[in-house]
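Data first, discussion second: the structure below is written as structure tokens.
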């Protein structure tokens, strides 16, 4: 079976205030309802053999690490500004942890990169901005609010390079 690759950012599992800050995109009464729905959407989309790149701001509160046990897929993490727990706690659930990653000539980061990086990269897949977007097509915001609170297939947002002969 093919290994599909997904991306998502800013799940904010366990973050009670996120349903207040982002009420339009996260219309839940409780954080438990929020977390359960994000887990359901994730697992309806991602199979156990798929890879998910999480672009940061995974969770709030150490008890929320338990939520990660419920998620399908092989998970890799690009650290976000709220991912401040000791690395070993994340490594229980993520196979690798990064600051930024280069894939398909794009830079993957939590926070959008400065535009002077686009000489080296075609664009920036990022999170951090939630419902806000930058008015520049080189920025691809994969915050949960932008992608229906569900990991999105990388092939659906980035062009595949055709091999040259």
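Residue numbers (our numbering): -2 to 162.
Just so you know, even glycine gets a beta-carbon here, dropped at the ideal spot from N, CA and C.
Everything numeric in this text was worked out from a predicted model, so none of it was measured.
Any non-hydrogen atom of the ligand PLP closer than 7 Å to residue 116 Cβ:
Questions concerning the ligand PLP fall outside what the structure shown contains, since it holds no ligand whatsoever.
Which word fits residue 37, buried or exposed, when buried means at least 16 other C-beta atoms lie within 10 angstroms of its C-beta?
exposed
Does the beta-carbon of residue 152 have 16 or more other beta-carbons within 10 angstroms, so that it is buried, or is it exposed?
exposed
Pick out the complete beta strand (DSSP E) segments inside the segment 37 to 94, 3 residues or longer, and give them in chain order.
48 to 51 and 71 to 75
CB-CB under 7 Å to residue 97, same chain, minus the five flanking residues each way: which ones, in chain order?
75, 104, 105 and 106
Give the secondary structure of residue 164 by DSSP, where H, G and I count as helix, E and B as strand, and everything else as coil.
Residue 164 cannot be examined here, being either before or after the span of the chain that is shown, -2 to 162.
Residue 6 and residue 139 look like a contact to me (Cβ under 8 Å); what is the Cβ gap, rounded to whole Å?
5 Å
Secondary structure at residue 120, three-state DSSP: helix, strand or coil?
strand
Just to confirm the assignment: which complete beta strand (DSSP E) runs, minimum length 3, are found wholly within the segment 103 to 149?
103 to 105, 120 to 123 and 136 to 138
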